[in-house]
Amino acid sequence: MSPRRSAAEALGTRAAILDRSVGIASLEGLEGLTIGRLATELGMSKSGVLGHFGSKEALQLAVLDRAGQIFRTEVWEPALPAAPGLARLRVLCEAWISYLERGVFPGGCFFVAAAHEFDGRPGPVRDAVAARFDAWRARLDKEAGRAVDAGDLPEGTEPGQLVFELLGLVMALNHALQLHRDNRAATYARRGVRARLGSAC
Numbered sequence: 001m002s003p004r005r006s007a008a009e010a011l012g013t014r015a016a017i018l019d020r021s022v023g024i025a026s027l028e029g030l031e032g033l034t035i036g037r038l039a040t041e042l043g044m045s046k047s048g049v050l051g052h053f054g055s056k057e058a059l060q061l062a063v064l065d066r067a068g069q070i071f072r073t074e075v076w077e078p079a080l081p082a083a084p085g086l087a088r089l090r091v092l093c094e095a096w097i098s099y100l101e102r103g104v105f106p107g108g109c110f111f112v113a114a115a116h117e118f119d120g121r122p123g124p125v126r127d128a129v130a131a132r133f134d135a136w137r138a139r140l141d142k143e144a145g146r147a148v149d150a151g152d153l154p155e156g157t158e159p160g161q162l163v164f165e166l167l168g169l170v171m172a173l174n175h176a177l178q179l180h181r182d183n184r185a186a187t188y189a190r191r192g193v194r195a196r197l198g199s200a201c
């Protein structure tokens with residue numbers, strides 16, 4: 001076997017482990033990941049799974065990265081063609097709602113679940129979850145600030161307050177979908193977004 005093929009196969013195996021891990025962690029939490037379970041489900045040895053990451057914590061961090069890639073593809077990338085500011089913020093919010101409505105992760109928003117699991121547990125995993133939220137909040141804040149500077153939002157709009165409310169709306173949507181299976185929740189969330197951002201029509 002050539003070194004190039006061997007490296008490609010290793011990357012493919014790592015990707016398969018991460019994809020299965022994301023599915024498990026979405027439903028059962030990052031602590032629900034065990035090397036033994038992954039080995040059984042993927043038809044590998046425990047040492048084979050562990051060899052790709054080195055430790056359970058390293059696996060959890062890699063799973064967070066993989067979930068972040070999925071979130072970026074589903075929510076951030078669709079908004080890139082939109083004009084910066086209010087137009088992009090509207091597209092971001094719609095993509096964000098759609099991501100939850102379509103059940104991209106079987107357990108709802110991966111990062112909301114991870115935050116609930118680790119918010120009171122200091123360590124690298126908690127720090128990584130917090131960093132994801134900080135980065136997302138900063139991105140929303142930047143677009144809100146652009147919209148305010150352009151005069152596209154009501155006078156006196158504070159970007160931080162607006163982002164706080166948008167985060168609250170989407171987290172409420174996640175809760176309603178996951179806990180209550182409320183089929184009205186996405187409609188409510190969209191109404192809430194329109195109330196704060198106006199209609200694009």
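Just so you know, the sequence shown maps onto residues 1 to 201 in the numbering used here. A virtual CB, placed ideally from N, CA and C, is assigned to each residue, including glycine. Everything numeric in this text was worked out from a predicted model, so none of it was measured.
In this structure, the straight-line span from the alpha carbon of A189 to that of V170 is close to 7 Å. By the C-beta density criterion, P159 is buried, having at least 16 other C-beta atoms within 10 angstroms.
In the displayed model, G108 falls within coil according to three-state DSSP, outside both helix and strand.
Note on H116: under 16 other CB atoms within 10 angstroms of its CB, so exposed under the neighbour-count rule. The closest CA to that of L166, considering only E155, R137, L179, is found on R137. I35 is positioned such that its CB atom lies closer than 8 Å to that of L50.
One thing to note: L18 has its Cβ no nearer than 8 Å to the Cβ of I24. Look at A150 here: in three-state DSSP terms it is coil, with no helix or strand label. It is roughly 7 Å from the alpha-carbon of L89 to the alpha-carbon of A144. With 16 or more other Cβ atoms from the protein chains shown falling within 10 Å of its own Cβ, G108 counts as buried.
Counting along the chain, no alpha helix (DSSP H) covers T73, and no H or E run does either. With a beta-carbon spacing of about 13 Å, L162 and R194 fall beyond the 8 Å limit used to define contacts. Rounded to whole angstroms, the separation of the alpha carbons of S21 and P154 is 44 Å. Cβ neighbours of N174 within its own chain (closer than 8 Å, five residues either side excluded): L100, G108, C109, V112.
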